[in-house]
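**Student:**
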Amino acid sequence: MKCPNCRKEMVILELDKVEIDHCLLCGGIWLDEGELELLLEGTLERDKLLASFKINKKADEKKRKCPVCGKKMYKVLCGMEKKVLIDSCPKNHGLWFDRGELDQLLEMGGIENKSKIYSFLKDLFGKKVLK
Ligand SMILES: [Zn+2]
Ligand SMILES: [Zn+2]
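Numbering (our numbering), first residue to last: 211 to 341.
#1: Measuring only the C-alpha atoms, how far is residue 296 from residue 323?
#2: Below 8 Å on the Cβ atoms is my contact criterion, and I expect residue 304 with residue 243 to pass it. Report the Cβ-Cβ distance as a whole number of Å.
#3: Residue 231 bridges to which residues according to DSSP?
#4: Is the beta carbon of residue 272 less than 8 Å from the beta carbon of residue 283?
#5: Using the beta carbon as the reference atom, which residues fall closer than 6 Å to any heavy atom of ligand 1, ordered along the chain?
Structure, rendered in structure tokens:
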């Protein structure tokens with residue numbers, strides 16, 4: 211699959227049972243439909259966080275195309291107090307996270323610092339990204 215941001219071929223990383231497409235060039239992450247839910251399983255704020263997703267038609271961030279179907283993706287604002295703007299395929303193929311956005315989202319979901327996913331992302335991006 212090609213990165214929707216820089217068009218480079220992404221690498222597939224496997225984490226538990228979730229396959230993550232990751233672009234080594236820009237650090238972005240693509241999650242297929244349902245994978246975010248899997249990553250957030252068992253976290254405290256999971257339902258609240260998933261319910262917070264709202265399409266933002268006025269976002270002026272550059273529109274990206276879904277790496278699966280090529281349709282222009284929606285900008286989706288998610289989060290409670292803090293917000294992150296991610297990209298979502300209008301046909302629900304999946305979600306795109308720019309570098310650092312997935313970490314922030316998982317943090318909002320109340321993911322444990324000690325969890326596998328969290329330390330995985332930390333290793334991947336280094337400490338700079340995670341505040
Ligand atoms: Zn990229
Ligand atoms: Zn799509």
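Even glycine gets a Cβ: it sits at the ideal position worked out from N, Cα and C.
**Tutor:** Per the coordinate set shown:
#1: Going by the C-alpha atoms only, they are around 22 Å apart.
#2: By a beta-carbon distance limit of 8 Å, residue 304 contacts residue 243. Their separation comes to about 5 Å.
#3: In DSSP, residue 231 forms a bridge with 222 and 240.
#4: Using a Cβ distance threshold of 8 Å, residue 272 and residue 283 do not count as a contacting pair.
#5: Every residue passing the under-6 Å Cβ criterion appears here: 213, 215, 216, 218, 233, 235, 236 and 238.
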